Structure formats: C-alpha cells, structure tokens
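Taking numbering that gives the first Met the number 0, the leading residue of the sequence shown gets 0, the next gets one more, and so forth.
Written below as structure tokens is the structure these notes are about.
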Amino acid sequence: MTLTSVPASQPAASRPHPAAMAASPAYGEEKGGSSSLGEPEYGHDPASGGIFSSDYKRHDDLKEMLDSNKDSLKLEAMKRIVAMIARGKNASDLFPAVVKNVACKNIEVKKLVYVYLVRYAEEQQDLALLSISTFQRGLKDPNQLIRASALRVLSSIRVPIIVPIMMLAIKEAASDMSPYVRKTAAHAIPKLYSLDSDQKDQLIEVIEKLLADKTTLVAGSVVMAFEEVCPERIDLIHKNYRKLCNLLIDVEEWGQVVIINMLTRYARTQFLSPNQNQESLLEESAEKAFYGSEEEDAKDAKAEAASLAKRKPYVMDPDHRLLLRNTKPLLQSRNAAVVMAVAQLYFHLAPKAEVGVIAKALVRLLRSHSEVQYVVLQNVATMSIKRRGMFEPYLKSFYIRSTDPTQIKILKLEVLTNLANETNISTILREFQTYIRSMDKDFVAATIQAIGRCATNIGKVRDTCLNGLVQLLSNRDELVVAESVVVIKKLLQMQPAQHSEIIKHMAKLTDNIQLQVINLAAKLYLTNSKQSKLLTQYVLNLAKYDQNYDIRDRARFIRQLIVPTEKSGALNKYAKKLFLAQKPAPILESSFKDRDHFQLGSLSHLLNAKAVGYQELPDWPDEAPDPSVRNVEVPEWTKCTSREKRKEKVEKPFYSDSEGESGPTESADSEPESVSKESGSSSSLGSSSSGSEEEEEEEEGSSGEQSEDKEEEEKRTKRKKEGSRKAAPGSTGSPSEEEEEEGVKKAKKKALQGKKSCAETSSEEASTSESSSSGSDSGSEAEAKRRKAPPSSRAGPKEISLLDLDDFTLAPPQPVPSSSIVSTSLVTDLEGLTLTDTSLAPALLSPAFSTVRTYELLHRMAGEGLSVEYCFSRQPFPGDPHMVAVQIQISNNTDAEVKSLRVSEPKPLSGMRIQEFPEIECLAPGDTASVVMGIDFCDSTQAANFQLRTHTRHFYVSIQPPVGELMAPVFMSENEFKKEQGKLTGMSEITEKLTLPEKCQSDHAIVQQVTSAANVGRVPCGADNEYRFAAKTVTSGSLVLITLERREGTAAQLTVNSEKMVIGTMLVKDIIQALAQ
C-alpha cells in the first residue's frame, strides 16, 4: 500500500483523477523540492503536516484539461475551479492556465473564466496585465454578460497605469444599450475612484449621466457610486429625486437600502422638520407636568396662546410626503436590511403620529436569525427611549427565551427597562425574578442592574426593588451578591436618610468591618483633629498589631498620610481630597440614551463610535430651501406622438426579439419588461442592425432638434422601416448560442444592404451610429472601411485594442523586416536627424558600458565578491529577432577562481522566453567577462527571473526592462508616418502637455533626450516645431509613433500612438521625465 499526498479533507472537485496520478508519479512533490520517485516528500516545517502538506502538483489534471482543445473539458475544469473558490479553497496557482482561456470562443467557458478572473485579478496583477487587450475586446462583445464581465475584471486590476483604460471603458459602458452593462459601469466607478482620486471630476460626469437612467437595474448601483465618490454633490439628486422615489419599489433589495439611506440625508437638508412645533410644545408641557403647579399653568396660559399664534402652521412638502408614501410598502419586504432602512427613515423624517407604523415591522424581524435580532434590538433600544409608546403594545415580544444568546438577552432587558412604567412594572418585575435564576451569570448581573434602573425611574416600586435586592445578598452565587451590593449602594446614595435600616442590615452582613473603622477614624481626625486625635491614635495602634496583614498595611498607610513625619509628608496636603471627596449620587440611565445622534441602522450607531466613511445626519434647515429645484421640465419633443406612431407601425416580431436591451430613454415606457428580459438573456441581440437603428431613433429624439419638418421625419421612418423589415428575418433567435450568433451576422448583412439605398438621405443618423459604435474611426473613410468589414465584427474594421500584451489568440508575430531597420548607409545620411547612430548601427555588437546606461544585477556584497551589471545593447539578438539583447558584464572581485558560471532554472512569466548565455567555464580573480543573453519580454515591463549559478553558489536575480528598450527603431517617410498615425487614433492615442526646461530647447538636446529614453528612429518632418519618431515593439511588431510639438514659449505637447495602451502610457511618462532632466 502506497501513501499519496492528497489531504483527506480535499474536495472531490480538486482531487486528481487516478489515471492522472498514475501518469504523473511525482504528484506529491513539494514546489522546489528534489525528492526522487517513490519517496514521500516531507514539508520543510515539522508542524506543517508532513507528507500531507505538499500540494505543488495537485492541480495538474485541471491544467491539462484547460490546455486541451475540447471545450467540454475546459468547461468541466472551470466548473470544478469555480466550485473550489465557492468552498473557500485557494486556486490562485491556476491563474496562468485559466487566463489563457479568456479568449475562448465557447460562451460558457468565457463566463466562468471571467468569474475566476474577477476573484484573482487583484492578487495576480502582473499576469492579468498580460491579457488586457483581450479584456478590451471583451468590452465590444455582442453578449452583454461578456461585456460586463470584461469591465468587472478590468476594474479589478488595481494598477495605476491602466487608469486611462478604465476611464474610457467606464465611459463607453455608461452609454451601453444593456442596463446590466451600465449597472456594471456604476460598480466600477468607486473602484477607479479608490485607485486614483484625481479622476473625480470625470467620474462625476459619468455619475450624473447614469443618475438620469430610468432603469431600475441601474438606479441602486449609481446611487452607491454617488455615495462613495461625491456625497456632497446634493445638486445632482434634485432633478432625479422624484424619479428615484417612484422607482424605489422596483429596485433590487440592496439598491433600495442604499437609495433610502441617501434620501434620508437628502430630505434632512431639503425639508422642514415635521415635529418642530410639536417638539417645543411637548418639551414645555413635560417640564411643567414634572416641576410646575396648577397656579403656574394658569399664569402661563396666555403666553402659550400668544406663542402658538406666532408660529406658522406646518405644511408638509409634497416631495416629503412622496418619499414617506413610496417607502411605506417596503416595510413588508422580505429583506431585513430594507425594513431597517425604512424604519430609520420614518424615525428621522416622519411626523411623530406616523412613526408607529414601523413598530410592527421591526417586531416581525425579531423572529429572524440572531444576527438580525441583534441589529434590530440595538435600534429598538434607541427608539424606545424617545418613542416609548410605540413599542408598548408589543411588550411580550421582548420577553427573553432560554435559547437566546447572551447579547440578545441583554438587549431585550434594555428594551424592557425602557418600556417599564407604572402600569406594566409589576409584570416586568415578575419576569426579572425569573431571569435571576438563570445559569447565565452575565445575564443575571444585567438583570440586577435593570431592576436598579426600574427602581430609579419609578418611585412607587423603589422600596419593593430594594427589599428584593437585599434578599439577594444571601444568595449562594458570589456574582449575584456582588452585583446586588453595587446596585443597592447606588440606590442608597440617592436617598441615604430614608433607608437607615437597610444600611444597618448590610453592616451586619459584613464579616470584617475593621478596614471601614480605620477609614472612619481617619475622616474624624481630618474633620476635627483636636477632639478625635487620641481616638485615632488608639485605633491605629490596635491595627498595628492585628493578625490580618491587610489591616496592618492600611493602618501604616493612613498613619503616614494623616500624621506626616519630616521624611514623608508630601501627600499630607491631599489627605482631605482623598478621604472627604464629594460623592454625587449616581445616575442610572440607559447606555443608548445619546445614540440617536448617529443615523439608525448604521455601523456607527451599532458601535456607538464614528466609523470610517460615516456621513453625519444633517440637521433640519430653519427655512425650507427652494422646492422648484426638483422640477423637471418636459421638453416639447417628448409630447409629440410620432415616436408612438412609429412603434405602432413597426411589426411586433421585429421588436420582440431585441427589447431585452432597451436604451436609457426607452426604459421609461417598458421598465419591468426590459429588466426581466435583460436579466434572463444570455446574449445581446440588440447588437444587430435592428437594435442599432432603434437606438438611433432614441438618440435622435433625445437630441431635441425641433426644427425638423414632420414630412422629412415621416420619410425617414418609412425608409428605416423598410430597412428594418429586411433585417427582421435574420434577427430571429434560436435556442443554441451558435445559431443565435449566425442569426445576428445575417441580420447585419441584410441591414447593411438595406442601408445602402438610404445612406445619402440619412447621413446624420449614420454619423450618430458611427460615433456610438466606433471611437477611433471618423468621416467617410471610416464609414467605407466599416462597410467592407466582415459582418461578424461589431464595431468596425478591426477592433483597435488599447493594449495587446497577451498573444494567446494571436498568430505568431512577424519578424521585423530588415529593410525597416535603419541601415548602415542611411545612418550617415540621417546623422543630423537621428543623432543616435551609435545605437542604431547594426555593425556595433558590444557597445562600451560608458555610453549606455547600465543596471546592477548583482552587487559584489550580495554576490560574495562576484558583481554583475547589465545593459540593453539595442541590437537584434542573433538567435531570435523577437528577443531583446541584454549584454551582461561579470566581474570576479574575489581571490579565487569562479567556475561554471551559467543561468539555471529560469522562471519567466507566462509567454516569456529566456535564451541563456553560454556557460563561462572559469573566471580568474580580477577578470571581467561580457556575454549576451536574449529575453522575450512579450512587450511588457514585467521582470524576467532566473538563477545565476557558480560551481559553489547560486543567486536569484531578475532583469526588468524600461519600456523604451522593448522596441526597435523604424525608418519611414513623413507620409507613411501620417498614414499610420491616422489608423492609431481614439483610444490608441495618448496626449500630454509639458514644459521644456531651458537646457532642452535646442533640436539636438530634444532628440538626444527622446532617443535616450526609448530605442526609436527619427522620422523626417517638414514643420520646424515638430519632432517625429517611430519604432516597432520587438515581440509583436506593433508600431509606436511619437510626436513632440513645440508651442509658444517653453510649452510643448507630446503624443504617442500605439495599439499597446500600457506601453504608450509608460512611454509618455518616461519621455517627459527624460526631457525634464
């Protein structure tokens, strides 16, 4: 029988198949271990569990399934991986294998891959960056779930360098036809804000746009983004207030909670207090009932009448009433958080006469789980202090069960004590007598304190409570006796003269009162030393020889304190403060008394301390702000019935398939239908021409052009109707997703044919669709390219991705043609232009270290006398044109020979390749050797990790390239440069303004600084104030175009055009930094 290293608790989903284990006998090897076959591998830490702790190759079967060509195996592997994540298992080591499948064509696999990436993208940022271009393509996917998942993954990569990409993606998603994608854009806004708060202004614009969305799916998410980014911008809510109130009943539950809490704070700033006049009257009447007399009441009757006449009658704002009316039905919600949110809204906003409706809903929540009970009881305890009558009918609901946890019991005690009055006190005290017999000691102590509070608040039961507490002094339990003594002491301090018998009784119960006699003697001496001096000395002398050491210590302490000697008299002046200090009567009150200044239902209220991110509940305004700010003017064009007529004319089957993706302005008419269909659909049929035409009609209407004639409008609708009828047969969906995609493609083809007949007359609408579908193409040339594109493409000829760092789905990159590299003859001709001939000439294979920037790979202290430096020679690597040549200089600073210098165990990231340099057999003391190794960085600045070994030692080192070394110079004419630059616009263009320093004003200095920062070639330029450079990335051959334009004075503008968005962003920073030096 052989032992395997599969833990017994390992789930079946992650256990390897027996066949897979047989095929890989080294299954149980530890990562980095070197155990031979047949021997169990033990953990390095004896406490780590021995052979059962090694898990290096436990996921080999899943990796094989993910690398297979069968979608069924990939789908099964992803299901198992997601199941592992759901059970809390760590699946991060599968990230490289999973991320390769992000470009899988199978829609189900792609969904699960995105689920995995959302979970681990933040932990594995470096690997996630390699696939950003695929996420970019996912943002244009026809399926709304893929678009949303791609945005969710993109926003989960917490790297500041992709902030521009995230911002553009959020802006595009905010205008998406699918409400689900717009909802995901709202979720991404707080993530981007936490990553870069400088983007606040742009994010507020997106929030303002999404707040105007009329779909219930988006409302909760955008309000959450508003609360995270700009809660102080209350002006953004004015125009959307009534819409949010009306949508509230149909928003999802967690969105309801966020909206209600936000509207609570909004209402406190925009409406008058409904209880302002009532509170002042109640306060006055309460004071007079307690302290006043009938004569005083008669005297002040006239003054009250005069004050009432002066007060303005309160009239509730209709918007205030709208909020209360629309939130009341949510008290019947199945979600406890929603009920709690409505309860706090009523408590803070409603008139006192209407607050009682929340009591029944809150009592219903006490039948829920203990966690829900705890939060609800915390809030009920606060409410019951000010609104006692609200919960009195439900007194029995707060009786304590034996199965309640201690925290719940104590909170129920708090509520019962708050509700106690002269009518129900006898019932409550009988309950308390039962609770004292409990085995829960903390609960018993809290019950005794509750009895003391009842005795304090209700005078007629004070004697009864005191007698009951005195009886508890004979209890066997020390805790009960101790707590009773503390409570009795507090009660006696309030009325000491009336309870002398109880004081005598307690004195008799005390076994040893000698300590108190000594304290009394000290107090007498300090009060009247002449008459009590001899008595005090007598008492202290008796205590001096007592058998109890506590008595002896107390006597010695007091003697030195009140009868000081020359050596020790420093504390004598404080003796009276110590023994004769004033002891005010204690106040027994609820710990929840002042908690209502926190918003109920908040974490701060629960903790009774201000939590991070808590927003204070505003005070009511003295004067009502202008209510007209919430008025929304209805534009004239919305009153026109042409839109309704158009919809009536169009055949029903055409719109029935594409209603799932309703535009932001359409959802007002068919809101519930659009939400339900959107949530249930797995692909967006709205990407067909019919959906785009419908969107064009909506956008055309929203532009508000009132000058168009009705005849022209009718003609356009007829033409569109004809085009849509042509597209209708192809847009009918089928059960399978592959057939559905084919249907979409056919619809696009027919829609394009239908558009050709009316392209000239509807140029305005065509431009609208162009701007919504493609951000990089513009003008007639772009439109022509779009028409020539294959029908399966969604947004134009070829999706210009912002970043192309992963090559999982791309064809192998073509090598850079030798003609594109600057030749030796051209170097001399262009010497005045490039000024970088030394780095461009192919003849130079090993540049001197003095002319190229060098980096330290291994310090001589860390390398024990061996020092290693490296530089980027900017020459093609002889073995592979897609590798960056790295020249390494190794110096032996020791007194002994270094043998067998070589690279071992290279650990490149996914896609990277390392070509080791030839082994150096021997390096004599004081000698230096130069070698060249090639590294394929996959067009990324991620470090290449490897080991540098000698015959005795090994050192872990890494080489991280500057972004400027990932490219090779390209020669092109000015016209070619402009042509290529025209293709790389929109999201592939990065522009930054800068100020050139004085020493960087000449042409020579500017070119030198740019070429030192990046391995680029100078492009001829006719303009005197422009400098152009061109290069191609070494791995994929993507063009990188640089333009530096000098403006007035020292101002300049730098533009970088590249498909590789991350490379372009980093290159801009490096060039600006180089020019600033």
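Using N, Cα and C, we set each Cβ at its ideal position, and we do this for glycine too.
If you're wondering where the values come from, they're calculated on a predicted model, not measured in any experiment.
Asked, Found
"Looking only at DSSP bridge pairs, what is residue 345 linked to?", "Its beta-bridge partners do not exist; DSSP assigns none."
"For residue 121, which residues of its own chain have a beta-carbon under 6 Å away from its beta-carbon, when the five flanking residues on both sides are left out?", "155, 157"
"Considering only the alpha carbon of each residue, which of 1054, 882, 1034 lies closest to residue 1027?", "1054"
"Does the structure place the segment 992-1000 close enough to the segment 1016-1025 that three or more beta carbon pairs sit under 8 Å?", "no"
"Residue 455 lies in the alpha helix (DSSP H); which residues open and close that run?", "440-456"
"Would you mind working out which of 873, 436, 592 sits nearest residue 931, comparing C-alpha positions?", "873"
"Does the pairing of the segment 95-107 with the segment 69-80 give three or more beta-carbon distances under 8 Å?", "yes"
"Do residue 329 and residue 263 have their beta-carbon atoms positioned less than 8 Å apart in this structure?", "no"
"Could you check which residue in 374, 933, 602 has the C-alpha nearest to that of residue 410?", "374"
"Relative to the C-alpha of residue 967, which candidate in 620, 600, 871 has its C-alpha closest?", "871"
"Going by DSSP in three states, residue 922 sits in which element: helix, strand or coil?", "strand"
"So, does the segment 897-917 touch the segment 947-961, judging by three or more C-beta pairs under 8 Å?", "yes"
"Would you decide whether residue 572 is buried or exposed? Buried here means 16 or more other CB atoms lie within 10 Å of its CB.", "exposed"
"Per DSSP, what kind of secondary structure is residue 626 in: helix, strand or coil?", "helix"
"If you reduce the DSSP assignment to three classes, tell me which class residue 932 lands in.", "strand"
"Pull up the distance between the alpha-carbon of residue 559 and that of residue 485, whole angstroms please.", "30 Å"
"If you pair each beta-carbon of the segment 910-925 with each one of the segment 889-898, do three or more pairs fall below 8 Å?", "yes"
"Determine the contact status of residue 1035 and residue 938, defining contact as a CB-CB distance below 8 Å.", "yes"
"Between the Cα of residue 552 and those of 517, 580, 522, 570, spot the shortest distance and give me the residue it belongs to.", "517"
"Identify whether residue 836 lies in helix, strand or coil by the three-state DSSP scheme.", "Low confidence applies to residue 836: its pLDDT is 38, below 50, so where it sits in the model is not reliable, and the reading given next is rough at best. The answer is helix: DSSP assigns residue 836 an H, G or I state."
"Report all residues from its chain with a CB closer than 7 Å to the CB of residue 319; omit the five preceding and five following residues, and keep chain order.", "266, 270"
"Report, in whole angstroms, the separation of the C-beta atoms of residue 381 and residue 599, which I expect to be a contact under 8 Å.", "6 Å"
"Along the beta strand (DSSP E) that carries residue 990, what are the first and last residues, could you check?", "988-994"
"According to DSSP, what are the bridge partners of residue 870?", "853, 886"
"I'd like to check one pair, residue 185 with residue 221: are the Cβ atoms closer than 8 Å?", "yes"
"Would you kindly report the start and end of the unbroken alpha helix (DSSP H) that includes residue 858?", "Run containing residue 858: none; DSSP gives neither H nor E here."
"Suppose contacts are defined by Cβ-Cβ distances below 8 Å. Is residue 119 in contact with residue 149 by that definition?", "no"
"For residue 458, does the count of other Cβ atoms within 10 angstroms reach 16, so buried, or fall short, so exposed?", "exposed"
"Threshold first: 4 residues or longer. Then list the alpha helix (DSSP H) segments lying entirely within the segment 119-189, N to C.", "124-128, 131-137, 143-155, 162-173"
"Taking the alpha-carbon positions, what's the residue 257 to residue 168 distance?", "25 Å"
"Which residues mark the beginning and the end of the beta strand (DSSP E) in which residue 901 is found?", "897-903"
"Applying the criterion that 16 or more other CB atoms from any shown protein chain within 10 Å of the CB defines a buried residue, is residue 953 buried or exposed?", "exposed"
"DSSP state of residue 878, grouped into three classes?", "coil"
"Flag this pair as yes or no: are the beta carbons of residue 205 and residue 233 separated by less than 8 Å?", "no"
"Please classify residue 1074 as buried or exposed, where buried requires at least 16 other C-beta atoms within 10 Å of its C-beta.", "buried"
"Can you tell me the Cα-Cα spacing of residue 583 and residue 492, whole angstroms?", "8 Å"
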